[in-house]
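The C-terminal residue of the sequence shown carries number 384 in my numbering, and the numbering is unbroken. For glycine and all other residues, C-beta sits at the position ideal for the given N, C-alpha and C.
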Amino acid sequence: MQKLQISIPKPCHENWQNMTATEQGRFCKACAKEVVDFSTMTDTEVLNYFTTITHNNVCGRVLTSQLNRPITYPMQIKKKMYWYWNYIVMFFMFFAKSNAVKAQGKLQEVPVAQNPVKRSSLPNGEVLVTRVGGIKQVSSKIIDGIVTDENRHPIPNATILIKGTKNGVVTNAKGLFSIRVLKDAVLMVSAMGYQNSSITVNEEDYLTIQLNTDFSNVVLGGISFTGLKNEDDKIVNNENTDTTGLKKVKQLDTVTVKAAYPTTRGEITVGLMGAVLKKREKISNKNETKLKTIKTTNTMKVYPNPAIHGNNIQLNMNLKETGLYQLQVTDAVYRTVFYKRINAVNKQQNEQIVCDSKWASGIYFIRIFDSKNSLVNESSFIVQ
Numbered sequence: 001m002q003k004l005q006i007s008i009p010k011p012c013h014e015n016w017q018n019m020t021a022t023e024q025g026r027f028c029k030a031c032a033k034e035v036v037d038f039s040t041m042t043d044t045e046v047l048n049y050f051t052t053i054t055h056n057n058v059c060g061r062v063l064t065s066q067l068n069r070p071i072t073y074p075m076q077i078k079k080k081m082y083w084y085w086n087y088i089v090m091f092f093m094f095f096a097k098s099n100a101v102k103a104q105g106k107l108q109e110v111p112v113a114q115n116p117v118k119r120s121s122l123p124n125g126e127v128l129v130t131r132v133g134g135i136k137q138v139s140s141k142i143i144d145g146i147v148t149d150e151n152r153h154p155i156p157n158a159t160i161l162i163k164g165t166k167n168g169v170v171t172n173a174k175g176l177f178s179i180r181v182l183k184d185a186v187l188m189v190s191a192m193g194y195q196n197s198s199i200t201v202n203e204e205d206y207l208t209i210q211l212n213t214d215f216s217n218v219v220l221g222g223i224s225f226t227g228l229k230n231e232d233d234k235i236v237n238n239e240n241t242d243t244t245g246l247k248k249v250k251q252l253d254t255v256t257v258k259a260a261y262p263t264t265r266g267e268i269t270v271g272l273m274g275a276v277l278k279k280r281e282k283i284s285n286k287n288e289t290k291l292k293t294i295k296t297t298n299t300m301k302v303y304p305n306p307a308i309h310g311n312n313i314q315l316n317m318n319l320k321e322t323g324l325y326q327l328q329v330t331d332a333v334y335r336t337v338f339y340k341r342i343n344a345v346n347k348q349q350n351e352q353i354v355c356d357s358k359w360a361s362g363i364y365f366i367r368i369f370d371s372k373n374s375l376v377n378e379s380s381f382i383v384q
């Protein structure tokens with residue numbers, strides 16, 4: 001299982017807003033280098049970045065929740081194949097309905113009273129329902145919009161939640177969203193690294209929502225990163241290093257190179273005039289750890305749900321056995337916001353976590369892993 005841990009030993013105090021926007025973040029004139037914005041990335045995107053770079057001189061902008069913790073790929077949970085049962089049920093329902101119609105014989109016309117419900121199609125996707133008898137009319141419509149930062153740059157993966165409900169959407173890579181709301185609905189907008197905002201829907205059909213950067217939750221600076229290597233990674237001998245075509249090579253040293261996430265291995269020989277000899281070969285790890293999902297008889301209970309910032313969240317877990325476990329809380333796009341190791345002395349384990357005020361409003365997922373990194377339980381909750 002590939003893991004990564006990042007830290008910023010010496011934070012930088014340059015102003016992020018004064019930097020020039022680039023494809024991956026901003027360009028810092030003081031350092032004359034690009035500062036990569038990791039604060040909007042998921043754990044998968046962060047891992048993909050560090051596994052593809054060919055250097056270790058990285059300057060970045062990260063969330064405090066991304067520092068000094070294991071960053072791993074999210075667990076891929078296989079969905080059970082229940083589709084064939086759907087076809088069987090549909091098959092029997094079809095024939096049951098056909099037999100019922102035949103048994104009824106000829107259909108008789110039944111006089112229908114005046115429809116008490118009037119429906120009107122309104123422009124811009126609105127639907128207006130008016131009922132007779134003094135019942136209040138209800139109207140809804142589809143709202144489109146974009147979420148940006150102070151410099152009008154789009155914010156991907158921002159959460160738009162309808163206040164008082166569990167309904168919401170997440171912005172795409174361009175910061176765009178579309179949501180159906182009732183009139184006078186309040187939208188709660190949030191994103192990791194930004195201050196929360198709320199907006200009341202009036203007559204607008206398109207919303208431009210600006211979020212301000214939450215500098216208390218963001219750190220800039222040179223990134224130090226380490227990977228957890230596999231224990232059975234072996235060193236390759238340098239017997240077959242090819243030196244053909246190089247003249248006056250004086251071997252100074254032989255260095256064994258191993259990737260933090262080993263897919264290749266080899267050696268580097270440093271010679272005069274900066275000559276470098278490389279021998280690389282792909283390796284396959286036969287003992288690679290495969291993540292498994294273990295079924296549990298009871299689901300994990302999370303309360304209160306929805307949760308409120310600053311309050312405690314209680315977890316009631318029914319485990320198959322005692323021992324060491326890992327508790328992980330991720331947001332809607334699988335960015336880890338909380339991590340804790342648990343030593344379960346009882347199968348019925350109760351844990352308590354604080355709903356951090358820095359967590360954006362939206363849906364969050366709780367996952368429990370055993371000592372073999374197998375997923376044993378999961379649940380979700382809403383932060384208002």
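For the beta strand (DSSP E) containing residue i, name the first residue and the last one.
i: D43; result: Run containing D43: none in the beta strand (DSSP E); it sits in the alpha helix (DSSP H), D43 to T52.
i: C28; result: G25 to C28
i: K3; result: K3 to S7
i: T336; result: T336 to A344
i: N350; result: Q348 to V354
i: G397; result: In the structure displayed, the chain extends from 1 to 384; residue 397 sits before or after that span and is not available.
i: G168; result: G168 to V170
i: S374; result: Segment: none, S374 is in no beta strand (DSSP E) and carries neither H nor E.
i: Y325; result: G323 to T330
i: V333; result: Counting along the chain, V333 falls outside any beta strand (DSSP E), and DSSP gives it neither H nor E.
i: S190; result: V186 to S190
i: L67; result: No beta strand (DSSP E) holds L67; DSSP gives it neither H nor E.
i: T159; result: T159 to I162
Which residue's Cα is closest to the Cα of residue i: the options?
i: Y194; options: T200, D184 and D214; result: D214
i: P74; options: M19, V333, Q352 and I342; result: V333
i: V189; options: I155, C355, L182 and K174; result: I155
i: L324; options: S374, I342 and S39; result: I342
i: F369; options: Q352, D356, A344 and I363; result: A344
i: L63; options: A21, T42 and F50; result: T42
i: V35; options: T44, E45 and N15; result: N15
i: K358; options: N56, H13, D37 and Q66; result: Q66
i: Q384; options: E351, T171 and S197; result: S197
i: L161; options: S178, D149 and F27; result: S178
i: L207; options: K320, T226, R180 and L47; result: R180
i: K10; options: I366, I223 and V302; result: I223
i: T148; options: S140, I142 and T159; result: T159
i: G145; options: E204, N312, K163 and N151; result: E204
i: T336; options: N311, E321, N316 and I366; result: I366
i: Q17; options: N48, H153 and V46; result: H153
i: Q326; options: K340, S379, I313 and A32; result: K340
i: T51; options: V376, F225 and F381; result: F225
i: L4; options: V46, H55 and L182; result: V46
i: N305; options: N346, L375, N316 and S380; result: S380
i: L375; options: N350, A360, M300 and Q314; result: M300
i: S139; options: T171, V170, N157 and L182; result: L182
i: N350; options: Y303, Y364, Y49 and D356; result: Y303
I'd like to confirm the pairing. Which residues does DSSP put opposite residue i in its beta bridges?
i: A307; result: V383
i: P154; result: T148
i: V302; result: L315
i: R180; result: I142
i: F38; result: Partner(s): none; F38 has no beta bridge.
i: C59; result: V35 and G222
i: A21; result: R26
i: P11; result: G221
Rounded to the nearest angstrom, what separates residue i and residue j at their Cα positions?
i: N217; j: N68; result: 14 Å
i: S7; j: G362; result: 27 Å
i: G221; j: C59; result: 5 Å
i: A185; j: H309; result: 21 Å
i: V354; j: V329; result: 11 Å
i: T20; j: N151; result: 10 Å
i: T44; j: T72; result: 7 Å
i: H13; j: G25; result: 16 Å
i: F38; j: Q352; result: 29 Å
i: D331; j: G175; result: 17 Å
i: R61; j: V219; result: 6 Å
i: A173; j: T322; result: 42 Å
i: F338; j: N312; result: 14 Å
i: T165; j: L319; result: 31 Å
i: A307; j: A30; result: 43 Å
i: K141; j: N202; result: 11 Å
i: L315; j: A360; result: 20 Å
i: T54; j: K33; result: 16 Å
i: G168; j: Y364; result: 13 Å
i: N157; j: T40; result: 8 Å
i: L211; j: P70; result: 29 Å
Determine, using beta carbons only, whether residue i comes closer than 8 Å to chain D.
i: S65; result: In summary, chain D is missing from the structure at hand, where a single protein chain is found.
Practice problem: Could you tell me which uninterrupted beta strand (DSSP E) segments, each at least 3 residues in length, are contained entirely in the segment 194-233, listed from first to last along the chain? | Solution: 197-200, 206-210 and 218-227
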